[in-house]
Each structure stands twice: as C-alpha cells, then as structure tokens.
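Enquirer: In this text, residue positions in the sequence shown follow the UniProt record's numbering: the first is 1, and each later residue adds one.
No residue lacks a Cβ here, since even glycine has one placed at the ideal position from N, Cα and C.
Just so we're clear, the structure is a prediction, and the values are computed from it rather than from any experiment.
The structure follows.
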Amino acid sequence: MIEDSPFVAAAPVLVPMPAERPYTYAVPAGMRVVPGSIVRVPLGPRQVAGIVWDGAVETVDAKKLRPIEQVFDCPPIDRAMRRFVDWVAQYTLSAPGMVARMLLRAPEAFDPEPWIEGLQRTLVMPDRMTDARSRVLETAEGGLAWTRSGLAHAAGVSSTVIEGLKAQGVFETVMIPPRPVVAAPDPSYAVPELMPDQNDAASMLRGNVAAGAFNVALLDGVTGSGKTEVYFEAVAAALDQGKQVLILLPEIALTHAFLERFQQRFGAKPGEWHSDLPPRMREKVWRQVAEGGVRVVAGARSALFLPFRELGLIVVDEEHDPAYKQEDRVFYNARDMAVVRGHIGGFPVVLASATPSVESRVNASQGKYNRAILSARFAEAALPLLKSIDMRRAPPARGGFLSPVLIDHMRKTLEKKEQSLLFLNRRGYAPLTLCRVCGHRFGCPVCSAWLVEHRFRGQLVCHHCGHNERRPEACPECGTLDHLVACGPGVERIAEEVVTHFPDARTIVLSSDLMGGVRRLRLELEAIADGEADIVIGTQLVAKGHNFPNMTLVGVVDADLGLANGDPRAAERTFQLLSQVTGRAGRTGKKSLGLLQTFQPDHPVMRAIVSGDAEAFYEREIAERERAALPPFGRLAGVIVSAVTRAEAEGHARGLRRAAPEASDLFVLGPAEAPLSLLGGRHRFRLLIQGERRADMQGFIRAMLANGPKQRGSVRVQVDIDPQSFL
C-alpha cells in the first residue's frame, strides 16, 4: 500500500492507455508521492503523464522497475475523483486508464502558470507632473500591483508614460500571480424575485444544498417556467457554503446565452469547458479548477472529469438530452455519471428539464429523486396553442413540403411583424440524390448510408464519416446530364421553398454543419433574439433552451420523422423534441401557435403533444417500458463488433454469442448486422443483451468476452452499457 508518507519504494501509477490496472514504478529517493499525485513516467519509448493510484503494488523485482521521472507541482487528484474513475471504468467495462485519460486532457496545466511581471507604486515622486502622469498615480493608489498594459489602459495613457515613471523609480517591478480566467461570482449580486411555485422549488433545492449530503432533485418545469433562475438559487447556496459548482449543458451553441444569464445573476461569468475552447484557455481553466480558483464551471459532458477541489453541487440542464451520451472509446451517459459523482462525493445533484427522461420520472415516482414541478410559465405567459395538420387532408403543393395551412399562418405572422420557426431535424438540402434515367443512388463509399446533398456548398456529404464529394452534373453510372434529382427535404430545401412563398422575408437557416461553426451560430441566435429575422428554419439546435422574444409561430415540417425507426426510445425522444421546439413560441406572453405536420395525427405522441397532457404520455410510455422489461425496469447493453471484412466481424460476433454464459436473468439477441452495417469502412454486427434490473450485466459481459475469441487482425469490440442509439 502507498501511505501518505514522504518516501515509498514503489507506487502504482495509472497511465492514459487501455491498461486494465495501474503499472508499478519505483519512487526515487527524496521524491514524495501520495495517492492522486500527477507524475511523469516512462512508458515504452515515451514519457507520459499518469496518476499515482490507490491499492497495493505488484510484487516485482525492484531491479526491473522503471522510476517515476517527475512529480508535477499540481494539486493531487482527490480520493472521490479517483473512486469515480474506478466506478466509471467498472460500470462501462472500460479500461481505467482510458477513463483517467479524460481527466488528464490538459497536460500543460500540470505545472503552475508562470507569474507575471508587474509594477507597484513606490514612495518616489516624479521630477515633474503632467496630466497623464497624474492620472497614472491616481489610478495606482492603494498599493495594488498592475501590469504595464493594464495600468496604461486604466489610466488612459500610452505605455511610454508608464516606462518613464518606472525609469524614475516611481514604480518598482514585482511579480504578480496569473490572472483568474473569470472573476469570483457573487451569490447576492442580483437576487431575483421568484414566482410562488419557483420559490417553493428553490427552497427545496437550497435545503438539499444546506443538508450537505447526497440527494437528487428533478426540476420538472414547462418551457419558459424559469427553471434556470430556480437552480441558480441552489448554485448561490453552494457558493455561500464555499463549494464549487458544475453546470452541465448539452450544446456548445447554448453556452454563450447561458454565460450572459449567469453574469446577470452573479455579476461574473462561470468558467467554460467544451471542445470549442482554445487549448491555452482549457489549460488555465483546468488548473484553476484544481486549485479552487474557478468556483463555477459551465460545460459539456467532459467537464464531469475536471479535477474539482471542493465540488459541492452538479446541475444537469436539459437532463433528457441525448447529447449527454458519449459513444466513443468510453461509452457513458454524463447525466447518470453526474448522479454517481454526487453519490461518491456526498453532495446534491439537480436534474432540470421540461421533458424529463422516462428514467428520471420513474426514479422520482419511486422516491429515489425529489421532484419539484413548475407547471406554469414565468409571469403567467401562456403556453402556445398546439394543433396538428393532417397532411392527408391538407397536402402541400406538388414539389413542396409545406402545407397550405402552415403557409397561411406564416403569412399572418409576418403581417403582425412577428417571427416564425420551421423545424426539420434533417440537415442539408436532401437526404438522397438519384438519377432519373438509371436509378443510380449516391451512397458513401465507406458507409452504408446515402450521401446528403448540401446545395449551399455544392457537395454530397456523408453525415456519419464526413466523406464529401462535389455534386456532379452527370450521372456517374450512365453519364446522362441534368437528370439528377434530390429526394426528400432538408432544411436548405425548406428554405428554398420559403423564399418562393415569402421573397421579401428575412430568412435564416440554423444547422450545425453550416460554414462558420459555433461562432456563426451564436451570432445568428443573437440576431434572431434581437428580431433581425422573420422566418427561422432549423434542425434540433433550435429546440435547446433558446429564448426568442418575438417568436409566435412554430411549424414542425415532419413531426413523424423520429417515429420511423425501431428505437425503443423513439416515442419518448419524439415527444421531447417536439415539445421542446414548440415551446420556443410565446415565451414573452404573446399569443402563440404550434403546428405539427403529420400523417399520423392519432399517434399517441401527437395526441399527447397537441392535448398538452404530458402526464398521460408518461403514464403510457412508462407502462409500456415496464411491460417489455425495458429500462428503467430492465437492463440493456450493446456489444458492437466491427472489422474490415464482413466475414471477420460476423465470425467474431458469433463466437462471442457462443461464449455467453448461462444465466436465467439475462439473454442475448443476435448477432445481427447493425442498421448502419458499414461505417468508416468497417463492417458492424451487434449483440443486444437484455435482462432483469438486478442482473449482473457487467459480470455476464466480462465472462462472455473472456471466454470468447480473442481480438485478432482488424477486429474491434465495443461495449455500450445502457445504449441510447441502436444504429
């Protein structure tokens, strides 16, 4: 065992690679390590960062041990975080080193940030006084240290004035610590006036924080009910207790608007953590989180693996969102892992959503979670009136996709100088392009998927692997010119149709794959909120928490789209997505309308949305899940086998199936070709394991993998516990 003592002979070190256990390294004389120390160690020919881990060291000949090269001057990873890494690895059947890799993503942050050269006022007076020098001396009163540029900017003078005063001894050089990435938030900065039901919910959350123990609260409020302001009160309570706070958000595009709302409440922005953050800023945030300088972080799912020093609250906003599921290397759901992190750390977790997941609703009904309900919009703003458009009775014109009913309401909305939103969860211009003459369909050369036409860019793109090619003029199969036809609509095609009906309207298309990336998205979202667009056409990006004050009409172009697959969560996801997108209308109190174009107006999902009876939908969906023993009443796991050849993938998958142990509470379905059978040039087969809630799913899969064929050649096996996608 490693003790918290100055010297040890050997230590287990967890390195960021697919290793099932820590490796043992020698600790040189005079070097002090403790569990959680971040160290640099040799690994083959390379030097890598690792974490000194808990547990006994292996019995190894001391002469064969390689030494730890360096202990970084960095706060150790605390015991709760180390336990969390082990728990995630065991639950997801991932190598602990690959989970630790997510914790060690900012290697330049392991060493302290260098101090900055600054200036501080001395008792010396300048030989002569000018207006500029007077302003500098007045600004520098109080003995604070300044950077040269900061003092010059604050005093409104040039840097030569500062240099002249320094040369005369009026200022002396001092070293000042690196600037914090964000100012400290003030819990009492702008305390809001809450509505009675908001206040009740906030009181519950503040009480959970005050208790200082693990608990989970589900904040279930309709769109526009002020959930953010309510959980901000829990954030304020945690800050008052000297704790750090993590707020998880599902989408980077949401972050900018959220930062502004946070600043309005607390007088300072939270730290950010997401993939769009520049590397240098990521390093600063990581380091200052570890040192306790950053008190609140707002970030994507990977922020769950930041090394918080005093974490006391996690908030998961839009907890139902599929974006919280990572499906690469380590497969995990950040919402569920946030609950585990709170349990291990002994602090509260808040899950917030207008359309909670079925799992969270069941946990609340069983008493595992506390539930706070906000049933009305803030300031008594009315929810939009929702109606379905039966596309069998009011079909679009030939070649179009918008019903005359929807077009008529869009015209009326324009006349009132209000905004319309058209929602279609399909990027690009058309999902399929084919030749009228020979029937050739443009498919991805390395995926079993059609290429999506992006007419704005003149390209055909695979949305799975990223392959793209120029849209040709002639069919590559038969050579016929001008006979390629786009089949089906994407948001670009809907925009084209809108322009034909409303040529003078200001139209914006919102999609994650348009040129300009996240920065462009943020600017366009701001423009919409400021009323600089009349008609917005967007994908699921528009369904996520945006506040468009003048939006009074939402039209869902293809409400049936999400129901057309075999995903057991299809009904739930469709209900959540359509409820969220129609909730963009009327948030400031104006009379608003949501229209759903559907060929299935009597489908339970459509009836639930139009009637506004969410409870009836949840009751039906929960009953169906329980009857089928699907989560949360049963367990699911996917095993995905892929290889360069179909025979390799299928043979290995069948070998795993034969190796599955006998179990009365678990059974294996498959192997079968995955719906997306070829992805990135790799053939894919799936096994689906279903079982009772208390079944030992992980033990079953471990035994199957251990007894099955070994991975050879191009074969790769991935395990997805609690799968969200079945493609």
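Checking the sheet assignment: what are the DSSP bridge partners for VAL315?
Expert: In the DSSP output, where bridge partners are listed per residue, VAL315 has ILE247 and VAL350.
Enquirer: Write down the C-beta distance between ALA29 and ILE38 rounded to the nearest angstrom, noting that I regard them as a contact closer than 8 angstroms.
Expert: Not a contact, Cβ separation roughly 20 angstroms.
Enquirer: Once you ignore the five residues that flank SER5 on each side, which residues in its own chain have a CB closer than 6 angstroms to its CB?
Expert: Only weak support is given to the placement of SER5: the predicted model assigns it a pLDDT of 40, under 50, and the question is left unresolved by the model.
Enquirer: Starting from the C-beta of ALA62, find all residues in its chain whose C-beta is less than 8 angstroms away, skip the five residues before and the five after it, and write them out in chain order.
Expert: For ALA62, where only same-chain residues beyond five positions count, the Cβ hits under 8 angstroms are ALA9, ALA10 and ALA26.
Enquirer: What do you reckon, are the CB atoms on THR92 and ILE721 nearer than 7 angstroms?
Expert: Cβ distance < 7 angstroms, so THR92 and ILE721 count as in contact.
Enquirer: Leaving out five residues on either side along the sequence, give the residues of the same chain with a beta carbon under 7 angstroms from the beta carbon of HIS367.
Expert: Sequence check: residue 367 is Gly here, not His. Around GLY367: no qualifying Cβ.
Enquirer: Which class does ALA647 belong to by DSSP, given the choice of helix, strand or coil?
Expert: Three-state result, ALA647: helix.
Enquirer: Grouping DSSP H, G and I as helix and E and B as strand, with all else coil, what is MET551?
Expert: Three-state result, MET551: strand.
Enquirer: In whole angstroms, what is the alpha-carbon distance linking VAL71 and ALA184?
Expert: If I take the Cα positions, the gap works out to 30 angstroms.
Enquirer: For ARG712, which of ALA649, ILE116, GLU692 and ALA290 has the nearest alpha-carbon?
Expert: When each option's Cα is compared against that of ARG712, the closest is ALA649.
Enquirer: Would you mind sorting ASP534 into buried or exposed? The rule is 16 or more other CB atoms within 10 Å of its CB.
Expert: Classification of ASP534: buried, given that the 10 Å Cβ count is 16 or more.
Enquirer: Can you tell me the Cβ-Cβ gap for THR552 and SER592, rounded? I've got them flagged as a contact below 8 angstroms.
Expert: Yes, they are in contact, since the Cβ atoms of THR552 and SER592 sit about 4 angstroms apart, within 8 angstroms.
Enquirer: Which residue marks the beginning of the alpha helix (DSSP H) containing PRO42, and which one marks its end?
Expert: Element bounds for PRO42: not the alpha helix (DSSP H) but the beta strand (DSSP E), 38-43.
Enquirer: Measure how close the beta-carbons of VAL557 and PHE456 come, nearest whole angstrom, since I'm counting them as under 8 angstroms.
Expert: That belief does not hold up - the Cβ atoms of VAL557 and PHE456 are roughly 18 angstroms apart, past 8 angstroms.
Enquirer: Specify, as a first and last residue, the run of the beta strand (DSSP E) that PHE110 falls within.
Expert: Premise fails: PHE110 is in no beta strand (DSSP E) and is neither H nor E.
Enquirer: Quick check on TRP53: does DSSP put it in helix, strand or coil?
Expert: Three-state DSSP puts TRP53 in coil, outside helix and strand.
Enquirer: With distance defined between alpha-carbon atoms, name the residue in ALA152, ALA237, LEU484 and PRO384 nearest to THR582.
Expert: With distances taken between Cα atoms, THR582 lies closest to PRO384.
Enquirer: Residues bridged to HIS603 by DSSP?
Expert: DSSP lists no partner for HIS603.
Enquirer: Counting only runs of 3+ residues fully inside the stretch 181-267, write out the beta strand (DSSP E) ranges in chain order.
Expert: The stretch 181-267 contains these whole beta strand (DSSP E) runs: 216-221 and 244-248.
Enquirer: For the structure I just gave you, are there three or more beta carbon pairs, one from the stretch 137-151 and one from the stretch 117-124, closer than 8 angstroms?
Expert: Because the criterion of three Cβ pairs below 8 angstroms is met, the stretch 137-151 and the stretch 117-124 touch.
Enquirer: Candidates SER388, ASP482 and ARG657: which alpha carbon is nearest LEU595's?
Expert: The residue with the shortest Cα to Cα distance from LEU595 is SER388.
Enquirer: Return the residue from the list LEU43, ARG40, PRO76 and LEU65 that minimises the CA-CA distance to ASP54.
Expert: The candidate whose alpha carbon is nearest that of ASP54 is PRO76.
Enquirer: Let me know if ASN707 comes out buried or exposed under the rule of 16 or more other beta-carbons within 10 Å of its beta-carbon.
Expert: Exposed: under 16 other Cβ atoms inside 10 Å.
Enquirer: Looking at the structure shown, is ALA527 part of a helix, part of a strand, or coil, going by DSSP?
Expert: Residue state, collapsed to three classes: helix.
Enquirer: DSSP three-state call for PHE700: helix, strand or coil?
Expert: Correct three-state label for PHE700: helix.
Enquirer: Are the stretch 95-110 and the stretch 328-338 touching by the rule of at least three beta carbon pairs closer than 8 angstroms?
Expert: Touching, yes, given that three or more Cβ pairs across the two stretches are closer than 8 angstroms.
Enquirer: Bridge partners of GLY271, per DSSP?
Expert: VAL297, per the DSSP bridge assignment.
Enquirer: For ARG371, does the count of other Cβ atoms within 10 angstroms reach 16, so buried, or fall short, so exposed?
Expert: So ARG371 ends up on the buried side.
Enquirer: Measure the alpha-carbon distance for ARG82 versus MET337 and round it to whole angstroms.
Expert: ARG82 and MET337: Cα-Cα distance of roughly 14 angstroms.
Enquirer: Is ASP482 helix, strand or coil by DSSP?
Expert: Here ASP482 sits in coil by DSSP.
Enquirer: Let me know the alpha helix (DSSP H) ranges lying completely inside the stretch 445-511, each 4 residues or longer, listed in chain order.
Expert: Listed in chain order, the complete alpha helix (DSSP H) runs (minimum 4 residues) inside the stretch 445-511 are 491-501.
Enquirer: Label ARG519 either buried or exposed according to how many other C-beta atoms from any shown protein chain fall within 10 Å of its C-beta, with 16 as the threshold for buried.
Expert: It counts as exposed.
Enquirer: How many angstroms separate the CA atom of PHE575 from the CA atom of PRO279?
Expert: One C-alpha to the other measures close to 38 angstroms.
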